[in-house]
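Asks:
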Amino acid sequence: MSERAYLIGWWIQSEDEEIYGPVSRKTLREFLRDEVISRNTLVRHCTEETWRPAADVPGLLEGVEISEAAPVTGDRLADMWPSRRAEQQELAATGIECVRHRRPAVLVCVRCHAPYCRKCQMKPYRRPYYLCRRCQANMHNRRVGAFMLDSLLLYICSLLLVGGSAAVSVATDALGEAPVVVMQVIYWGLTIVFIVRDSLFFGAGPAKRLVGLRVVKASDGHTPLGHGQAVVRYLPFLIPFVPIIEIVVAYRDPLMRRWGDRWAKTRVIDSPAKLARVRDKTGRQLADKGNEPMFSDESLAKQATVDPFARFAE
18 MSERAYLIGW WIQSEDEEIY GPVSRKTLRE FLRDEVISRN TLVRHCTEET WRPAADVPGL
78 LEGVEISEAA PVTGDRLADM WPSRRAEQQE LAATGIECVR HRRPAVLVCV RCHAPYCRKC
138 QMKPYRRPYY LCRRCQANMH NRRVGAFMLD SLLLYICSLL LVGGSAAVSV ATDALGEAPV
198 VVMQVIYWGL TIVFIVRDSL FFGAGPAKRL VGLRVVKASD GHTPLGHGQA VVRYLPFLIP
258 FVPIIEIVVA YRDPLMRRWG DRWAKTRVID SPAKLARVRD KTGRQLADKG NEPMFSDESL
318 AKQATVDPFA RFAE
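Shown next as structure tokens:
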């Protein structure tokens with residue numbers, strides 16, 4: 018793990034399942050040396066999904082003098098974790114600077130691959146988010162905008178088709194219930210298309226495709242959702258007031274899943290082209306500051322094939 022990204026951004030799960038962090042790799046080694054945590058304490062890097070024992074992190078124990086009498090399990094985080102924010106900052110910071118502010122970086126964003134400081138961190142600070150605050154807000158706003166645009170397109174199509182049907186009926190002096198039946202068919206047909214629009218257009222409806230988003234299966238983070246999943250994703254919108262709550266739920270969730278995404282086991286992620294532009298921009302910002310990228314090309318290729326969660330941001 019020679020990548021710069023792994024020098025910062027580590028979370029620790031204590032024996033009582035409390036989350037502590039972020040801390041630097043250096044702090045992890047010091048905690049192991051001072052027996053604040055044990056070699057079997059669960060840790061996770063901010064760009065990874067899986068928790069693992071500290072002993073399983075490549076190179077973490079190298080050069081660390083651990084007493085033979087040191088406990089194999091357990092920790093003293095509840096007693097040793099500092100309460101002052103400045104002291105917590107010291108545990109998380111290294112010589113890496115935030116890409117946007119002149120402050121020490123404490124985490125790395127999964128989406129843009131930028132090192133970012135506490136000012137760019139999502140709140141609450143103890144919750145291990147995968148994205149920086151800017152990326153979290155950017156993706157959320159694009160999702161809401163795409164939904165509103167798709168709704169507008171549905172409304173316009175309804176007006177055009179229903180208006181055209183009514184005009185034809187008047188021009189041909191159609192009598193009876195035929196015009197009403199046609200309007201009902203148009204209404205329900207467009208409603209069905211709206212519900213399955215993302216699966217119908219291979220993972221991204223017209224508006225999502227326009228803003229650079231797509232919906233994929235959470236199982237692999239790559240395959241477009243199916244029609245059944247699209248229907249399940251829509252179910253919360255049939256419950257009164259829930260659509261309003263869904264807006265907040267998606268923003269506050271570390272994986273940006275609303276209830277419909279959880280039920281259908283889907284995720285909304287960037288399109289490959291959009292993601293490439295975002296990461297290229299971060300690379301230029303780091304280069305302007307004279308810093309190297311947080312990940313090498315070889316590391317990114319390995320993540321995409323080994324770690325399924327890496328596909329979250331593909």
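Be aware that the sequence shown starts at 18, since it is given in my numbering, and climbs by one per residue.
Virtual Cβ for every residue (Gly too), placed ideally from N, Cα, C.
1. Is A267 buried or exposed, if buried means 16 or more other CB atoms sit within 10 Å of its CB?
2. Go ahead and label V116 buried or exposed: buried means 16 or more other beta carbons lie within 10 angstroms of its beta carbon, across all protein chains shown.
3. Could you please give the first and the last residue of the uninterrupted beta strand (DSSP E) stretch that includes V60?
4. Take the Cβ of K298 as the centre, count every other Cβ of all protein chains shown within 10 Å, and call the residue buried at 16 or more, exposed below.
5. Following the continuous beta strand (DSSP E) through P39, name the residue where it begins and the one where it ends.
6. Which of the three DSSP states, helix, strand or coil, is assigned to P241?
7. Leaving aside the five residues before and after R275 along the sequence, list all residues of the same chain whose C-beta is less than 6 Å from its C-beta, in chain order.
8. To the nearest angstrom, how far is the alpha carbon of L124 from that of P132?
9. Over what stretch of residues does the beta strand (DSSP E) that includes W27 continue unbroken?
10. Where are the alpha helix (DSSP H) runs, 4 residues long or more, that stay fully inside the region 239-295, in chain order?
11. Can you check the region 125-194 for any alpha helix (DSSP H) of at least 4 residues that lies completely inside it and give the ranges in chain order?
12. Between the beta-carbon of I10 and the beta-carbon of P145, is there less than 8 Å?
13. Please state if the CB of L94 and the CB of I29 are separated by a distance shorter than 8 Å.
14. What do you reckon, are the CB atoms on R159 and V228 nearer than 8 Å?
15. Hey, N57 and T90 are a contact pair by Cβ (cut 8 Å); roughly how many whole angstroms apart?
16. Could you check the C-alpha separation between G206 and M165 for me, to the nearest Å?
17. For V60 and M156, I'd like the C-alpha separation in whole angstroms.
18. Can you have a look at K306 and say buried or exposed, based on whether 16 or more other CB atoms are within 10 angstroms of its CB?
19. Pull up the distance between the alpha-carbon of L177 and that of M273, whole angstroms please.
20. Going by the DSSP bridge assignment, what does E114 pair with across the sheet?
21. Which stretch, first to last residue, makes up the alpha helix (DSSP H) that contains V228?
Replies: Per the coordinate set shown:
1. buried
2. buried
3. L59 to H62
4. exposed
5. Taken as a continuous stretch (DSSP letters only), the beta strand (DSSP E) holding P39 covers I36 to V40.
6. strand
7. Within the same chain, R275 has close Cβ partners E263, V266 and A267.
8. 6 Å
9. Unbroken beta strand (DSSP E) run through W27: W27 to Q30.
10. 244-251, 259-269 and 276-281
11. 150-188
12. Residue 10 lies beyond the residue range present for the chain, which begins at 18 and ends at 331; the question has no answer from this structure.
13. Cβ distance < 8 Å, so I29 and L94 count as in contact.
14. yes
15. Indeed, because the Cβ distance is near 5 Å, the residues count as touching under 8 Å.
16. 19 Å
17. 27 Å
18. When all chains shown are included, K306 counts as exposed.
19. 35 Å
20. P121
21. P223 to V228
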